[in-house]
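In my numbering, the protein residues as written are 1 to 551.
A quick write-up on the structure given underneath.
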Ligand SMILES: Cc1cc2nc3c(=O)[nH]c(=O)nc-3n(C[C@H](O)[C@H](O)[C@H](O)COP(=O)(O)OP(=O)(O)OC[C@H]3O[C@@H](n4cnc5c(N)ncnc54)[C@H](O)[C@@H]3O)c2cc1C
């Protein structure tokens, strides 16, 4: 299966002027849980580390994570049970070996976070307090500051990185393209550095081991819980470098994102699933329970099930949102467990202690990304990926709640072991060649509208054909100039194109991919992973990779 991107297949975004270079043994791109963890781990092996990040060091999805981090930390739980719940959520597409790694190495990785200074909430006996979220059959979600888990993890990791003299950090530095040597091995990235008083402009960060930790691509859609930096740069960079990209069709829409009106755009406030874990329920416009009779776990069913049920009810009722009723939690629980969400609501004139919260599904998480092995290796030698940018196969067709922070943590540790084994060598990097295709920022909103309308929660052959057409048209836009916004828009367009292509091919409904024209799961034809790469000739080729483990 071959298809093309428009504008003409771009193997690079920009030709860097011969300018400044910086170098290290290991280059980490991104400063969320995955990038910061990889940087710290690499230092344990004595390597010099350069961490580049396109905004401030604490920007990214990590600091927004509310619910917590999942790990079998209690005596009543086991990695085997965590494995079971993850496989069920992934609907037959998880790579079982990858999940086994996640659940067995997860508890020690979380304890490692505590060792570097992260403070998790404790119960009365001093043990880590654990709660439950959708799809988990045990209480296994550790949280911090009530609903400020990501902020606390980010704080602790950033502090540890700042204290390590062997880690150089460059903020406001956007990685553009992979630099490779004559053998095709990664040797660094081209970098656009912004901001007064810095070495502005395009340069290069050189290292024989490049770790992509650039997070997700929520900004492909108009409404997302992801911050503005989540533009999928790492996936697009890897794609242009010829690396295999997988599972892009599996985009998780969080069922309970606060609805701020029809014109709201960009990052929207999340109402964590943990609120339902504490007893809140979804109601429709007539006050009827939305999830009753839909799934045995009712309001705590896996996210795709809840999102679809809400979408169906909204369609039937002709409404733009449903309601979340958390009044039974009481003022104390709201204040202690969900101070951030409480504040978010109150800022918008809603008091969840006495009021219903308007909620609707919005983009939240991407299961797909740069295809890696169990050690974070991409298909390009010397290029590694971890966290939301990667597709380890852990999430399959749908991520189990609170498994993503854990994935970033566990696989960042593994990548450093892989680098030790691979011992990548330095070699002269050659500048990327080929045509440059850049799209103007002006088309970003139209791109998001196309994706919202035709490639969101509900998809069909017709809607996806419309999306393909819309994206092709936007791909002809002219007037771009090398700037952060235009590079990001170009990346969003490349990702959207592959996402829609995968979604068109996958003629079934599974996990977070919902085809109205193929409403059933089809194991006979579709228990495969769709993997796309860009050939040296500039064609995008998609293949089917068999999935390991039980269906
Ligand atoms: C509102 C919200 C709530 C969530 N709640 C939970 C939860 O409770 N539990 C859970 O497990 N998961 C949760 N998630 C998901 C989880 O937060 C993310 O999957 C995870 O934090 C991703 O970590 P990361 O390190 O891969 O990426 P991020 O934390 O997104 O970091 C990516 C980094 O890469 C940088 N970057 C991006 N592009 C470039 C570039 N071109 N050049 C240089 N730097 C670049 C960014 O600036 C950023 O520093 C939540 C997500 C959101 C948005």
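Idealized CB from N, CA, C, for every residue including glycine.
Residue pairing from DSSP leaves residue 250 without any beta-bridge partner. Each residue's CA atom was taken as its position, placing residue 108 and residue 475 some 46 Å apart. When 498, 400, 284 are compared, the shortest CA-CA separation from residue 360 is found for 284. Residue state for residue 533 is assigned as strand, using DSSP reduced to three classes.
According to the DSSP assignment, residue 525 belongs to no beta strand (DSSP E) but to the alpha helix (DSSP H) extending over 523-526.
Per DSSP, the beta bridge partners of residue 283 are 289, 323.
The DSSP-derived three-state label of residue 470 is helix.
Taken atom to atom, the span from the alpha-carbon of residue 56 to that of residue 524 is near 47 Å. DSSP places residue 104 inside the alpha helix (DSSP H), whose first and last residues are 96-115. Unbroken alpha helix (DSSP H) stretches of 4 residues or longer found wholly inside the region 148-193: 149-163, given in chain order. If you look at residue 357, you'll find it isn't in any alpha helix (DSSP H); it sits in the beta strand (DSSP E) that goes 357-366.
Taking a cut-off of 8 Å on C-beta distances, the region 371-390 does not touch the region 305-313, as fewer than three cross pairs fall below it. Between the region 142-160 and the region 173-193 there are fewer than three inter-stretch CB-CB distances shorter than 8 Å, so the stretches are not counted as touching.
For ligand 1, a non-hydrogen atom lies closer than 7 Å to the CB of residue 270. Residue 91 places its beta carbon 8 Å or farther from that of residue 311. For residue 404, the uninterrupted alpha helix (DSSP H) segment begins and ends at 403-422.
For residue 372, there is no enclosing alpha helix (DSSP H), as DSSP gives it neither H nor E. Residue 403 places its beta carbon 8 Å or farther from that of residue 212. At a Cβ-Cβ threshold of 8 Å, residue 26 and residue 209 count as neighbours.
Judged by DSSP in its simplified three-state form, residue 21 adopts strand. The beta-bridge partner set that DSSP reports for residue 82 is empty.
The Cβ-Cβ distance between residue 534 and residue 544 does not fall below 8 Å. Relative to ligand 1, the beta carbon of residue 53 is positioned inside 7 Å of a heavy atom.
At least one heavy atom of ligand 1 is found less than 7 Å from the C-beta of residue 64.
Selection 490, 365, 469 evaluated against residue 478 yields 490 as nearest (Cα-Cα). Relative to ligand 1, residue 228 has its C-beta separated by 7 Å or more from all heavy atoms. For residue 362 against residue 252, the beta-carbon gap comes to about 10 Å, at or over 8 Å, which does not count as contact.
Per DSSP, the continuous beta strand (DSSP E) segment holding residue 546 begins and ends at 540-546.
Excluding sequence positions up to five before and after residue 104, its CB lies within less than 8 Å of the CB of 79, all in the same chain and listed in chain order. Per DSSP, the unbroken alpha helix (DSSP H) holding residue 342 starts and ends at 339-347. With 16 or more other CB atoms across the displayed protein chains lying within 10 angstroms of its CB, residue 272 is buried. Per the coordinates, the alpha-carbon of residue 207 lies some 10 Å from the alpha-carbon of residue 383.
For the pair residue 279 and residue 328, the Cα-to-Cα distance works out to about 7 Å. DSSP places residue 49 in the uninterrupted beta strand (DSSP E) bounded by 49-52. With distances taken between CA atoms, residue 30 lies nearest to 54 out of 239, 424, 54.
Residue nearest to residue 508 within the set 249, 138, 350 is 249 (criterion: CA-CA distance).
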